[in-house]
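In the UniProt record's numbering, the protein residues as written are 1 to 468.
Beta carbons: idealized from backbone N, C-alpha and C, even for Gly.
Every value quoted in this text rests on a predicted model; they were computed, and no experiment measured them.
Step one of this worksheet: look at the structure below.
Here it is in structure tokens:
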């Protein structure tokens, strides 16, 4: 037992160090939705998070994933052969209770159970590997024909219990039973403040999330789902008007496209046409993750955000594991190394990635030998398309006051894991957070102080350690 606890403490220290080194900018409040992917394992530990931290209690999390890709080299599947935007998939389950010491962009985490799942498809192959089209067809076959309900899954990865915010539960109950039955077990990974917005869902599957979001954006809002699996898209389209009638809308505000998330331009999705992009474990299986992020950035309006969950590795996954079908189905072999993700996000224009929530992703014991000690985390990020953000978190003496006007967060708004805004309280914030709030759809819900401040006070102060 002491040896096991020692290993887990080592993992927590490595995660804390990695999060600190990646300088995920000091988040400042957000809607804590559980990150969408989990796995199997056990862990116990304790620590005190510092800057960029927030205490997170999780009972159960679930997930499913999808994505798309492009190009191949060095004997690996082409980007597209790893799967472009699929509906949902397999994963693992786990138990853990952990309180990890972490700093900027990190948080103290209590986990009881986590679960997860993922999937992908693709195009083009080299050096004897399956072609992109062959892999894509395998994925379509599995998730389009073989898997009909959650009970058909060969693992418990796709979760059987939904975990939604309280305000979402009645909305989920409005979704057609057939659509819900094809929802393979994701948490609801969607931010607040969606009224009258345009939302794009990457890897929309049966449309379950889209039909919930449809109610949140309202009749004057717009929801677009993209998925590569014919049967899933057909099912979603079958129920568009049905849901419009059920919601009391004159016509549907939801549209579904069959296509690949790396190629949104081929679907006629214009530049700067969405306020929010969401997804659950979609990025994980795309070999061309840069293309996914680039397309998301392109279609977002200035001030818009990409809000999504995925699995990340704490070191680069070895090439020989990339095409392992079991590891791929468990959201493992396609996981992006944490620092590589931060680098990619900044490269495409998302200068200051914010961590909403992050927790250990525990892998089934039967797979551990293959992984040679590689460890994973499941994380929800929010990425804002806002100009003039800095790569570091700086203090210009600015502050904001949350008005308590968001219906789903009347007393407290969690913007990200380091910034939790109590209604009516004036709170100091970094320049980046100030600019994110002021440039985004959150603007009308805050009062701003020090808009024109030019005096620099140095790095934004660290949060006080949070203990349990």
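For a test of your reading of the model: does the CB of residue 298 fall under 7 angstroms from any non-hydrogen atom of the ligand NAP? Yes or no. With respect to the ligand NAP, the structure offers nothing, as it holds no ligand at all.
Cβ neighbour criterion (16 or more within 10 Å) applied to residue 169: exposed
State the beta-bridge partners of residue 469 as determined by DSSP. Past the boundaries of the shown model lies residue 469; the chain is included only from 1 to 468, so the question cannot be answered.
If you follow the alpha helix (DSSP H) that residue 346 is part of, which residue opens it and which one closes it? 338-348
Pairwise C-alpha distance: residue 223 and residue 261: 15 angstroms
Helix or strand or just coil, what does DSSP make of residue 420? strand
Going by DSSP in three states, residue 354 sits in which element: helix, strand or coil? strand
What's the C-alpha gap between residue 387 and residue 438? 12 angstroms
Counting pairs of beta carbons, one from the region 194-208 and one from the region 444-451, are three or more of them closer than 8 angstroms? no
Residue 307 - containing beta strand (DSSP E), residue span: 300-313
Quick test of your reading: residue 282 and residue 308, contact by CB under 8 angstroms. State the CB separation rounded to the nearest angstrom. 7 angstroms
Between the CA atoms of residue 177 and residue 205 - distance to the nearest angstrom: 14 angstroms
Using a Cβ-Cβ cutoff of less than 6 angstroms, which residues in the same chain neighbour residue 233 once the five nearest sequence positions on both sides are dropped? 227, 256 and 258
Do the region 332-341 and the region 309-319 meet, that is, are 3 or more Cβ pairs less than 8 angstroms apart? yes
Local Cβ density within 10 Å of residue 304, reported as buried at 16 or more and exposed below that: buried
Assign residue 449 to one of three DSSP states: helix, strand, or coil. strand
Out of curiosity, what's the CA-to-CA distance linking residue 373 and residue 458? 39 angstroms
State the start and end residues of the unbroken alpha helix (DSSP H) segment that holds residue 257. Where residue 257 is concerned, there is no enclosing alpha helix (DSSP H), although the beta strand (DSSP E) it sits in stretches over 254-258.
Rounded to whole angstroms, what is the Cα-Cα separation between residue 51 and residue 265? Any answer about residue 51 is weak, because its pLDDT of 39 lies below 50 and its placement is not dependable; what the coordinates show is given next. Between residue 51 and residue 265, the C-alpha separation is close to 39 angstroms.
So the alpha helix (DSSP H) residue 233 belongs to, where does it begin and stop? 230-238
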